[in-house]
Amino acid sequence: MQIDPYLFFDGRCDEAIDFYGKAVGAKAEMLMRYKDAPDQSMVTKGSENKVMHASLNIGGVRVLASDGHNKGNPKFEGFSLAITADGEPEAERMFNALSDGGEVTMPLGKTFFSPKFGMLKDKFGVQWMVLVQR
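The sequence shown lines up with residues 91 to 224 when you count with our numbering.
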């Protein structure tokens, strides 16, 4: 069994895919637009080129994404994505990239469980925890 996070970007999915590609090396392995849906009754005016479903690979982990209802105001509450860096320089790079345009909620620093740990909310509102394992 496997659990995959599914993020709904409410109309900003293409932007998010590009952002995560640069920030954490995400690669889109599959992308389907609403205009390609087998059931065209679900396609609303203006959503034809929006992302109906995408599968991203981030460090060997699958994260699913969509534009959802295309209202332009994604909301991500009640969870964080935790990403483990291979070392402190990578943690700093990813933390800085993910926080660009977002909000740092806990600066990257040393904790009792990690030489580098920090929390942020990216520009889409997705909460992240970046860490280096001991």
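Built from N, CA and C at the ideal position, the CB exists for glycine as well.
This one's a predicted model, so the numbers in the text were calculated from it and none came from an experiment.
A155 is a Cβ neighbour of A106, given a cutoff of 9 Å. An exposed status is given to F203, since fewer than 16 other beta-carbon atoms sit within 10 Å of its beta-carbon. The C-alpha of K213 lies about 11 Å from the C-alpha of R102. Following the DSSP letters along the chain, one finds N186 inside the alpha helix (DSSP H) bounded by residues E178 to S189.
By alpha-carbon distance to A116, the top candidate from K200, S145 and S137 is S145. For F207, the three-state secondary structure derived from DSSP is strand.
Beta-carbon to beta-carbon, V222 and K206 are separated by about 4 Å, close enough to satisfy the 8 Å threshold. Taking C-beta separations shorter than 7 Å and ignoring five residues to either side along the sequence, the partners of K125 in its chain run V133, E138 and N139, following chain order. In the DSSP assignment, K117 falls within the unbroken beta strand (DSSP E) covering K117 to R123. In the structure shown, S145 falls within a strand segment according to DSSP collapsed to helix, strand and coil. Counting C-beta atoms within 10 angstroms of its own C-beta, A175 has 16 or more neighbours from the protein chains shown and is therefore classed as buried. Here DSSP, grouped into helix, strand and coil, assigns V151 to strand. Between L188 and V151 the beta-carbon gap is near 15 Å, outside 8 Å, which marks them as no contact.
Going by C-alpha positions, K165 is about 11 Å away from G158.
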